[in-house]
Structure formats: C-alpha cells, structure tokens
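What follows is a short report on a single structure.
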Amino acid sequence: MPQVNSLIGFLDSRSFMTIWYWLALVGMWSATGRSIMGIPSDVVARARAALAAGQGDDPSVLTLLDWLSLVLPRWRLGTTEGAVFLGLTSFGLTSLAVLGFVFWLELAQAMFLLLMPFWLLFWMRVRLARRVTPLVDAAQLAQIPPDKAARDAARMMTWHRRWITVLSMVSVLTTVLWGSAWALLHPNGL
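Residue numbering for the sequence shown follows my numbering, beginning at 1 and increasing consecutively.
Below is the structure:
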C-alpha cells in the first residue's frame, strides 16, 4: 500500500494525469446542469408545459414564480460587492493563467481550465437574475399577469440553460484536448 504523507501527495499534483481532476470536472458540470440559478429544471419545464397548454393559472406556473421570488435575492449584487468580487476573481484567474500558460505549471493550468468557465457562468447567472427580477416584481405588484411573467421568465431561463450546455461542452472539450496534449507531451510529468 502506498504511503500517503499529505493531502496533495494523495491527490497528486499532476492534475491532467489523475482521475480526481476528471471526476471533479464531470461532477461540477453535472451538478451545474441540474438547476438554473438554484431552481430545479423540472420546475421550469412543468411551467413551460402548462403555459404551452394554455393553462396560465396552473399551480406549476405559480410554483415557478415562487421559486424565483425566493432565489433571485441571492443573485443581487450591489455595485461595491460586484466590483470587489470581479476584481478579486479576475486577479485569481489571471494569476492562474500566468502561472499555467507562461510558467507552464500543470496544476495552475488545470485549475484555470476548471474555474474559468464557472466564472463566466456566475456572471451569466447574475445577468439572468437582473433580467428576470423586474418581471417577478411586476407580477407581485399585479402590474402584469402572472402567466406572462412566468412565460417570459421561463423563456429566458430556457435560453440560459441552452447557453450553459454550450459553455459546458466547449469547456469540457477544451479541457480534454489540452489535458490530452499535455499528457502526450509530458508522459512522465517532466
């Protein structure tokens, strides 16, 4: 049995050659695809089906609006919080990119390829929340009918999910190609 001296030794810092990295990549993207901003995809699908059938007063439509009213406040970023978060995460990702692709550190490359798409995904979700919030607020104040708010929100969320699928496919393909090239060029980790 191999001796394990540290967590890093156990996980092996040769990222592209270890199963842990690929399990993390697949696990993160599969968990991301299960919901849209924290709302289960089946809630959106049921609301869309009810609206397509002309049942604007169906409970699934109100369930979608309830989910949105609970989840959207979590995605609100003020200008200060947004600027600080953008600055810190941009610094971290830029540092990883420089360490990985200028100084050729494999672990930094792997972390950059893992985290960069999720950084983009975060800002896509913030943008979606900013677009959906006025609809939910207007429906709560009875300025627009709930079925119209739910229809527009479900349409935006469906497009968002399609873009997430495209982002995940491009991300995984890029990571697989880069990881394979790295493994072929550095077979012994040198």
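For every residue, glycine included, the Cβ atom is placed at its ideal position computed from N, Cα and C.
Keep in mind it's a predicted model, so treat the numbers as computed, not measured.
A check of alpha carbon separations from A150 across T175, L114, P59 identifies P59 as the nearest.
Apart from the 5 residues on each side of it in sequence, V136 sits with its Cβ closer than 8 Å to the Cβ of L65, L68, S69, L72, A149, A153 in its chain, given in chain order.
Here P134 is not near V170, since their CB atoms are 9 Å or more apart.
Residue environment analysis places E106 among the buried positions, since at least 16 neighbouring C-beta atoms fall within 10 angstroms of its C-beta. Cβ contact annotation for F16 (same chain, cutoff 7 Å, sequence separation greater than five): E106, A110, G179, W182, A183, in chain order.
Its Cα nearest to that of R161, the residue P40 stands out among P40, N188, I19. In the DSSP secondary-structure assignment, S35 is bridged to P40. Contact between L114 and L25 holds, with the beta-carbon distance rounding to 6 Å and staying under 8 Å. Within the stretch 82 to 145, the complete alpha helix (DSSP H) runs of at least 4 residues fall at 106 to 140.
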